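Numbering (full-length UniProt numbering), first residue to last: 1 to 1013.
Positions of the beta carbon are idealized from the N, C-alpha and C atoms, including for glycine.
For clarity, every value in this text was computed on a predicted model and none was experimentally measured.
Read through the structure below, which is laid out as structure tokens, and then see the notes.
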Amino acid sequence: MERFLAQLCGTSALQPLPVWEGDTTGHCFTQLVLSALPHALLAVLSACHWGNPRNPDWIPHRSPGWRLRLTASFLLSIFPLLDLLPVALPPGAGPGPVGLEVLAGGMAAVAWISHSMALWVLSHSPHGRSRGPLALALAAFLPAPALVLTLLWHCQRGTLLPPLLPGPLSRLCLIILQLAVLLAYGLGWAVPGKPREPWAQEPLLPEGQEAEVAEDGESWLSRFSYAWLAPLLARGARRELRQPQDTCRLPRRLHPTYLAHIFQAHWQEGARLWRALYGAFGRCYLALGLLKLVGTMLGFSGPLLLSLLVGFLEEGQEPLSNGLLYALGLAGGAVLGAVLQNQYGYEVQKVTLQARGAVLNILYRKALHLGPRRPPVGEVLNLLGTDSERLLNFAGSFHEAWGLPLQLAITLYLLHQQVGVAFVGGLILALLLVPVNKVIATRIMASNQEMLQHKDARVKLVTELLSGIRVIKFFGWEQALGARVEACRARELGRLWVIKYLDAACVYLWAALPVVISIIIFITYVLMGHQLTATKVFTALALVRMLILPLNNFPWVINGLLEAKVSLDRIQRFLDLPNHNPQAYYSPDPPTDPTAALELHEALFSWDPAGTSQETFISHLQVKKGMLVGIVGKVGCGKSSLLAAISGELHRLRGQVAVWELSRGFGLATQEPWIQFATIRDNILFGKMFDAQLYKEVLEACALNDDLSILPAGDQTEVGEKGVTLSGGQRARIALARAVYQEKELYLLDDPLAAVDADVASHLLHKCILGALGHTTRLLCTHRTEYLEKADVVLLMENGRLVQAGPPSEILPLVQAVPKAWAEDGQESDPATAQSVQTPEKTKEGLDVEGSTSDRLLQDESKKEGAVAFHVYRAYWRAMGPGLALAILFSLLLMQATRNAADWWLSHWISQLKAAKNNSQEAPAPSSLSSEGLLSAQLLLFSPGSLYPLPTTQHLGVATAQSCPQWLLRHPFLPHRVCDHCWCQLLLHPSPGSALCGGHPPSSRHPASPPAV
């Protein structure tokens, strides 16, 4: 390096880059540091703006300031080329060697050409309305000090004094012209991009364009420094961030619509998920590997420059400029490496979010298009939560999988350069732990698969418990069901305990390994007869500390990849399930009779694709258009199964199902109404456009006007999840109104009259089924046979078979009808009756609506703001246990104390070695070996502190989780969304050793926060 600088600058090897030459700076220092480097920075900054998005509809109207800057940039790119002409550089006339002048002038020409292109691109973008990026303009003035110092150098040399030489005189004139043009550039930048007056007349958002988000369109400097977050942080400091709408909009590349479009272009039904993810996001993700590589390489500049700096301080024979360069390089490499590593992590997280959005989109689509063979709800929830998260941890593990071995190999090579073959002992120890790590990883993966199976069963059970929480409390089943949940959770925790203790063992082994390696290396090096110097010790320790990252993180990287593989297989099996195919289920031909709306011929259906469950067989059924068909029979005879078979919810084993105008769909009202967590109007419209006249007719037909009149905000009243704030009759009538509002030709009504009293049922029959739906084809299942007297045809079902069909007068006498008085007593008295209207103070559920000003039947979830209360910390302390907590704290304090003592002893030892060297004495070997004693004590006594966070966090999470079901079952009422947070999303996967392991990638592990109820 010194020889190259000396040859380039024409100086001596002892001082190749002199900073000062007399009263001014050295010419080589000016050309390289003050001219070439700023021009290189200007070139890079300008190149970053070449790809700035250009608006095709933008008509540039360049202001005089932009024209002046473009002209100045073009001239400044020509002047350095003129300075390189042979006539301007006669032999010996220049201030420095020809190579130096060519390097500085060429870099200046390239920089200003790049800057001119960047200005032209920016002038065609929305930046043309302003002065452009501030960082780019400031970078243009960085070479100015070099021009001023060169001008002073010419003045000191007396270039304007006789005799006037053409070479130096021409150079002086070019420097003066460059300064004048650079001043003109500054004046052009000071001119506003566009007058302020027309701004008030322009629309806030141009037509056809959306508002830009904070990150999109920002300069690279703003992206690297996260300056674009400053407005958001300022709003947070003012406590203005209360809703998601108060934050910045998502960048375009993270918008769900964009992600769905990109992913669908590479996804086909039956394809492999990993291929589609690679096609959509793989190229961008692989390109981040270059950023990872550069950041890793910069990380090695620290030990190398530290070795040079310590050697400079120890020997004191090099010039001061070398020491300054070593120190600046050490600081600059550390800062630049940290910036690149941070940007790499941020960009990887963005790619992870993109992939997560695409995976969740395809999983939701698959869940909506599945056929009758559906997995349990708990398994689907785990796929959407845990498995999708673990799959996307691959993004944080893949680059680490090749980066960590590369870092390990380079570190070992540099160690060989420092201590020779003494590093082999540490390498052998590291290789011996690889099979141990393989065994642990295999056990972890096997236990993880078993844990996920138990978790699927637990989530399924909890989902069923939440859906029937009221019935459970009414019948006093809390203890029985709580015991079932705890038993299911205990099986899951059994596997989780195994995983976490294996993780703890792995953390301990690999966290202690760097200490053992340093001990073995130094002992081997001393026993081989070598003398340890300060340079070798500090450099070797820095390199050994760099082994912490690859050796400590590599097990978690492998574990993350294995977990991603397991989750990928689970998601792929879910995506490979057959979709519901209406073209294959229904006959492509319409019914044989043009007047028929529905026809079934020799049709056999089953809930099980193998046909092992109860089957429904229809030899022949033809329903005319506009008919009202009643379906009757005993409980469990197959009435609902027949409607499910027509709607495609069963497996068709054989036969034909023909529907007239199948593309228009069905109107379906199920026996268990499905109500969204939304307003009553939204539940009825269900995404269809609002038609005031039709909506009014539907409300009247379904007897909802009286109910809406007593609600706080009418049909704008928000109901709870699954309609928990409504009575059974209200839920049934809202579901019926939704079906009626869709205006279908074929309606499947599964006992909508069962949840209402006699008066309301009569109203629904005459106003809705026979009135509003009188022109449609209707299939009505009901046990209240007295309402089927006006049906056109009645079907009698028995044991899944259609045994007889005919007019009501023939079929109804064959059915043992339920007495009307018993039916009325057994049904819920619905608040839609006149009695409920006469007493609007209370509904049937006891809701006080008189004087209420809220338009919701559910109160908002209470939120605590401010500092965390002391009783929360006390609860966590009690859950952990004071003994264990104090042991952890004491172990951490002692571990840190031994680290500080080891550093002090190392410096003291090096001082003794240096004193012995100055006195020409040999340091005794026991003294050298005893320096490792403190490190050994730290390893043997306090490295087990890395084991504590894992069982502790696990113990804390288990204690919190086990108290959740009993509190849930004892609570008088709990909104379902709180229950979902408490149970369905309960994750107990603390990050192993996150406090002590030296920072393994967070993306490859799970959150360490235990659930709080």
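Following the DSSP letters along the chain, one finds D503 in no beta strand (DSSP E) but inside the alpha helix (DSSP H) bounded by residues E478 to L527.
Boundaries of the beta strand (DSSP E) harbouring S619: E615 to K624, taken from the DSSP string.
In terms of Cβ geometry, A422 and Y525 form a close pair [threshold 7 Å]. For E269, the CB contacts under 8 Å within the same chain, skipping 5 residues up- and downstream, are N579 in chain order. Residue range R283 to E315 is occupied by the alpha helix (DSSP H) that includes Y285. With a 10 Å radius around the Cβ and a threshold of 16 neighbouring Cβ atoms, Y364 comes out exposed. A Cβ-Cβ separation of about 7 Å places R733 in contact with V756 under the 8 Å criterion. Considered as a whole, the region 725-805 harbours 728-741 and 758-763 as its complete alpha helix (DSSP H) runs of no fewer than 4 residues, in chain order.
About 5 Å separates the Cβ atoms of Y326 and L305, confirming a contact at the 8 Å cut-off.
The C-alpha of V348 is placed about 44 Å away from the C-alpha of Y585. DSSP places V719 outside both helix and strand once states are collapsed to three, so it counts as coil. Counting along the chain, G332 sits inside no beta strand (DSSP E); it lies in the alpha helix (DSSP H) bounded by residues L320 to H369.
Rounded to whole angstroms, the gap between the alpha carbons of E314 and V507 is 38 Å.
Contact between Y741 and I684 holds: their C-beta atoms lie close to 6 Å from each other, under 8 Å. Under DSSP, T679 takes part in a beta bridge, and its partners are E718. Q656 carries a strand assignment under DSSP once its states are collapsed to helix, strand and coil. By the Cβ test, the region 72-79 is in contact with the region 102-120, since at least three Cβ pairs between them sit closer than 8 Å. Around P550, the same chain offers L404, Q407 and L408 as residues with beta carbons nearer than 6 Å, after the five sequence neighbours per side are excluded. Scanning its chain for C-beta atoms nearer than 6 Å, with the 5 sequence neighbours on each side dropped, one finds around G357 the residues P256 and L259, in chain order. Non-local beta-carbon contacts of L70 in its own chain, meaning distances under 6 Å to residues more than five positions away in sequence, involve L119 in chain order. In the DSSP assignment, G105 falls within the alpha helix (DSSP H) that extends over V98 to S123.
Look at V629 here: in three-state DSSP terms it is strand.
Spatial neighbours of S116 in its own chain (CB-CB distance under 7 Å, excluding positions within 5 residues in sequence) are listed in chain order as L70, S73, F74 and S77.
Sorting A703, T533 and E721 by C-alpha distance to the C-alpha of P673 places E721 at the top. When the five nearest sequence neighbours on each side are left out, the beta carbons in the same chain lying within less than 7 Å of the beta carbon of P590 are those of A658 and W660, in order along the chain. If the five residues before and after G236 are omitted, its C-beta is found closer than 6 Å to no C-beta atom of its own chain. No residue range can be given for H49, since it is assigned to no beta strand (DSSP E) and is classified by DSSP as neither H nor E. The alpha carbon of E745 has as its nearest neighbour, out of T777, L812 and H766, the alpha carbon of T777. Counting other Cβ atoms within 10 Å of its Cβ, G529 stays below 16 and is therefore classed as exposed. Relative to the Cα of L814, the nearest Cα in the group H27, L452, G800 and L796 belongs to L796. Within the same chain, L42, H115 and Y185 come within 7 Å of A140 by CB-CB distance, once the 5 residues on both sides are set aside. Secondary structure at T898: helix, using DSSP grouped into helix, strand and coil. Linking T296 to L309 through their CA atoms gives a straight-line distance of about 21 Å. Put simply, the region 501-519 does not touch the region 358-378. Fewer than three CB pairs are less than 8 Å apart. In the three-state reduction of the DSSP assignment, G132 falls in the coil class, being assigned neither a helical nor a strand state. When the Cα atoms are used, I769 and E743 turn out to be separated by approximately 13 Å.
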